[in-house]
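A.B. asks: Please find one structure pasted underneath; my questions will follow.
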């Protein structure tokens, strides 16, 4: 569930424009708008600023709502008893492949899929990037 | 860089510095508690480095409720919005 995505989807609907039209007006890719509305992709600050010019919402409200979504997700992880295990378990080749295939997805989504913590996913991406270089 | 810009950059950091004062904790001690270096904490305090969501939660825990993750991150969003609206690329 993503309150920020819902907020964006509502604003697009209320504008009477299609997601593709909003994307054009805001100067962003239409597939990205779709993912943001579904909560599958984070809304970057610069995109929020473009969207507020096209829609009846402010960048502040969108970004702060998104922050609350993220804080809720991370708090759930921090309170979970299996947090330590999910942080430090050894990475498998299958998990690394999944990370490489899903570059661009949020760390929270990937962490959920792999039963990891978002911080562990972020750390593994840093390690993989160093290995690729 | 304008005076206004300097003020904006320091806003999130100023909150952190104030909370450290209230708790009576040094930047080095805070670093130890959240598993970061003194230099990294100092960069947060100076607004030179972004705080991630998870780090904000660790800072909140270490600062014993004197500063919430929400207030750190919302303040940071305002800093980033200032940059975006004034044509500066956030690092």
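Protein chains in written order, with our numbering: chain A, 1 to 133; chain B, 1001 to 1091. The beta-carbon is built from N, C-alpha and C at its ideal position, and this holds for glycine as well.
(1) Is the shortest distance between the beta-carbon of residue 3 of chain A and the beta-carbons of chain B less than 8 Å?
(2) Look at residue 8 of chain A and residue 1073 of chain B and say whether their C-beta atoms are less than 8 Å apart.
(3) Beta carbon of residue 57 of chain A, beta carbon of residue 43 of chain A: below 8 Å?
(4) Go through its chain and collect everything with a Cβ distance to residue 111 of chain A's Cβ below 6 Å, but skip five positions before and after it.
(5) For residue 108 of chain A, which of helix, strand or coil comes out of DSSP?
(6) Taking Cβ-Cβ distances shorter than 9 Å, what residues in chain A pair up with residue 1085 of chain B?
(7) According to a CB-to-CB cut-off of less than 9 Å, which residues of the region 67-78 of chain A neighbour chain B?
(8) Should residue 115 of chain A go down as buried or exposed, given a rule of 16 or more other Cβ atoms within 10 Å for buried?
(9) Here's a check: name, in chain order, each residue in its chain whose Cβ is nearer than 8 Å to the Cβ of residue 966 of chain B, leaving out the five neighbours to either side.
(10) Just reading off the alpha helix (DSSP H) that residue 13 of chain A is part of, what are its end residues?
(11) Tell me the DSSP secondary structure of residue 121 of chain A in three-state form.
(12) What does a CB cutoff of less than 7 Å around residue 54 of chain A pick up in its chain, not counting 5 residues either side in sequence?
(13) Residues of the region 1060-1078 of chain B with a CB closer than 7 Å to any CB of chain A: list them in chain order, please.
(14) Express the C-alpha separation of residue 1054 of chain B and residue 1031 of chain B in angstroms, rounding to a whole number.
(15) Roughly how many angstroms separate the alpha carbons of residue 1047 of chain B and residue 107 of chain A, rounded to a whole number?
(16) If you measure beta-carbon to beta-carbon, which residues of the region 1044-1055 of chain B are closer than 7 Å to chain A?
C.D. replies: The relevant details are as follows:
(1) Here the question's residue 3 of chain A lines up with position 3 in the first chain. Not an interface residue.
(2) Reading the first chain from its first residue, position 8 is the one you call residue 8 of chain A. Reading the second chain from its first residue, position 73 is the one you call residue 1073 of chain B. No. Outside cutoff.
(3) Residue 57 of chain A sits at position 57 when you count from the first residue of the first chain. Residue 43 of chain A sits at position 43 when you count from the first residue of the first chain. Their beta carbons are not under 8 Å apart, which means residue 57 of chain A does not touch residue 43 of chain A by this criterion.
(4) The count along the first chain starts at 1 and reaches residue 111 of chain A at position 111. For residue 111 of chain A, where only same-chain residues beyond five positions count, the Cβ hits under 6 Å are 117, 118, 121.
(5) Numbered from its first residue, the first chain carries residue 108 of chain A at position 108. Of the three classes helix, strand and coil, the one that applies to residue 108 of chain A here is helix, per DSSP.
(6) Locating residue 1085 of chain B in the second chain gives position 85, where the first residue counts as 1. Within 9 Å Cβ-Cβ: 49, 59.
(7) 67, 68, 70, 71, 73, 74, 75, 77, 78
(8) On the first chain, position 115 is the one that residue 115 of chain A refers to. Residue 115 of chain A should be labelled exposed.
(9) For residue 966 of chain B there is no data in the structure shown, the boundaries of chain B being 1001 and 1091.
(10) Counted from its first residue, the first chain places residue 13 of chain A at position 13. 3-15 is the extent of the alpha helix (DSSP H) around residue 13 of chain A.
(11) Counting from one through the first chain, the residue named residue 121 of chain A turns up at place 121. Residue state, collapsed to three classes: helix.
(12) As a first step, residue 54 of chain A is located in the first chain; it is residue number 54 there, counting from the start. Answer for residue 54 of chain A: 22, 25, 26, listed in chain order.
(13) 1069, 1070, 1073, 1074, 1077
(14) Residue numbering aside, residue 1031 of chain B sits at position 31 when the second chain is read from its first letter. Residue numbering aside, residue 1054 of chain B sits at position 54 when the second chain is read from its first letter. Going from the Cα of residue 1031 of chain B to the Cα of residue 1054 of chain B covers about 14 Å.
(15) Taking the second chain and counting its residues from 1, one reaches residue 1047 of chain B at position 47. Taking the first chain and counting its residues from 1, one reaches residue 107 of chain A at position 107. Those two C-alpha atoms are separated by around 24 Å.
(16) 1053, 1054
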